[in-house]
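The listed protein sequences derive, respectively, from chains A and B.
According to my numbering, the first sequence is numbered sequentially starting from 1.
According to my numbering, the second sequence is numbered sequentially starting from 1.
Note that the Cβ used here is the ideal one computed from N, Cα and C, for glycine as well.
The model shown is predicted, which means the values in this text are computed figures rather than measured ones.
Number of protein chains: 2
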Amino acid sequence: MQAENVDALTINEAAATTGWSARMLRYIESIGLVEPRRSGSGYRLYGPEELQRLSSLRELLDERGLDLGEVGFALRLKRDAPTREAIDSWLAAQPARPEHVSAADWLRFEQEKHQRLLAAAGERSSGSATPQLEDRSQGQSPTKSAIETTETA
Amino acid sequence: MQAENVDALTINEAAATTGWSARMLRYIESIGLVEPRRSGSGYRLYGPEELQRLSSLRELLDERGLDLGEVGFALRLKRDAPTREAIDSWLAAQPARPEHVSAADWLRFEQEKHQRLLAAAGERSSGSATPQLEDRSQGQSPTKSAIETTETA
DNA sequence: ACAACCTTGACACAGGCATGGTAAGGTCTG
DNA sequence: CAGACCTTACCATGCCTGTGTCAAGGTTGT
């Protein structure tokens, strides 16, 4: 059979044209990033799409500083909607507390949310933790609220 | 000074309520996933938002099987639009090429698309509202996340 | 003043990632 | 058929991650 590999390269040819080593091409396949089809006798056959993918994969790593695991993660994420949403929701809470919300209000809101967490987390540790840095003072310091990270300006 | 830490826990208290060890809280901070503010004397102060974030971070790892690097990657992705687009474009080529399109044609199309992306990425940096993940202000597509974007625009 | 807390820094260690190499054995082609 | 190519499987290496622990030294509340 010599016609099955039209438009496809074997592993060393693919390596030569994409800049990966044959070893790495096998590795990349093993982690699910590229899946070349196989010839009848088991040879890997890299078609244009695989070659394209491998080239841009290389750019991703070289120019963007990613690693294979990260790309693989993105790939998995693309397929796994629940995890994707979980991540999105985590990210949503992450860097930007809305600037226009007063820190105090926002904090109160968040605290409420967190209260449940604390309760759920259990107070089995209530005696041991010696919470001596608790909110014992409610005096309004003339400056601003306890959180100065937000300029609230 | 005892008023600066209103509504905030020190590291061991935070550890007790979030299920992480103090050691890990420092590590998590070192990789940029959570940034507690500091007291005047340098103590870490974990407010409700940090506690919330730490708790859901734990869920992400325990229930979703992620690791810190992956979450950190998602976070970086949220902030780095060019890389996000590069990944999106890579993913676009990934799972589903319409079976009826000749690989050669498809490759040509992808290359073209890639060209545009590169061009666009080059002259970005003056762009205004870099679209954030949760930035569904006028959402027209329901669940759009960092890695989902590329349905053949 | 003293215990209990906090800080940074370091050593350690298991496991995973990214690579290369090598060996034993099929496949293809001149 | 022989040589060049492919396959899988294993061993090795260097670096990174996640985690603990210990040390020397500030901070804090009673």
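Under the DSSP assignment, B/Thr17 falls in the alpha helix (DSSP H) whose first and last residues are 11–18. In the three-state reduction of the DSSP assignment, A/Tyr27 falls in the helix class, which pools H, G and I.
DSSP, read as helix, strand or coil, puts B/Leu45 in strand. Contacts between B/Glu29 and chain A, judged by CB atoms closer than 7 Å, are missing: the closest CB pair is about 14 Å apart. With a cutoff of 8 Å on beta-carbon distance, A/Ala86 and B/Leu68 are scored as not near each other.
Within chain A, the residues Thr83, Ala86, Ile87, Trp90 have their CB atoms less than 9 Å from the CB of B/Leu60, given in chain order.
An exposed status is given to B/Arg38, since fewer than 16 other beta-carbon atoms sit within 10 Å of its beta-carbon. Within 7 Å of the CB of B/Ala74, the CB atoms of chain A belong to Ile87, Leu91, in sequence order along the chain. DSSP lists no beta-bridge partner residue for A/Arg64.
Taking a C-beta cut-off of 7 Å against chain A, the contacting residues of the region 18–52 of chain B are Arg37, Gly47, Pro48, Glu49, Leu51, Gln52, listed in chain order. Within the same chain, and ignoring the five residues on either side of A/Pro36 in sequence, the residues whose Cβ sits closer than 6 Å to its Cβ are Arg44, Leu45, Tyr46, Glu50. Distance from the Cα of A/Leu25 is smallest, within the candidate group A/Leu57, A/Gly40, A/Ser41, for A/Leu57. Exclusion of the five residues before and after A/Ala22 leaves Ile11, Asn12, Ala15 as the residues of its chain whose Cβ lies within less than 6 Å of its Cβ. Within the same chain, Cβ atoms closer than 8 Å to the Cβ of A/Pro48 are found at Asp7, the five residues on either side in sequence being excluded.
Non-local C-beta neighbours of B/Leu66 in its own chain, meaning closer than 8 Å and more than five positions away in sequence, comprise Leu60, ordered along the chain. Against chain A, the beta carbon of B/Leu57 has neighbours under 8 Å at Trp90, listed in chain order.
A/Glu70 is classed as buried because its beta carbon has at least 16 other beta carbons within 10 Å across all chains shown.
Here A/Thr17 is exposed: its Cβ has fewer than 16 other Cβ atoms, across all protein chains shown, within 10 Å. If you draw a straight line from the Cα of B/Asp62 to the Cα of B/Lys78, it is about 22 Å long.
Bounds of the alpha helix (DSSP H) holding A/Leu91 are 81–92. The C-beta of A/Asp80 has fewer than 16 other C-beta atoms within 10 Å across all chains shown, which makes the residue exposed. Between B/Leu54 and A/Ala92, the alpha-carbon positions lie close to 13 Å from each other. Within a 10 Å sphere around the beta-carbon of A/Ile28 sit 16 or more other beta-carbons, which makes this residue buried.
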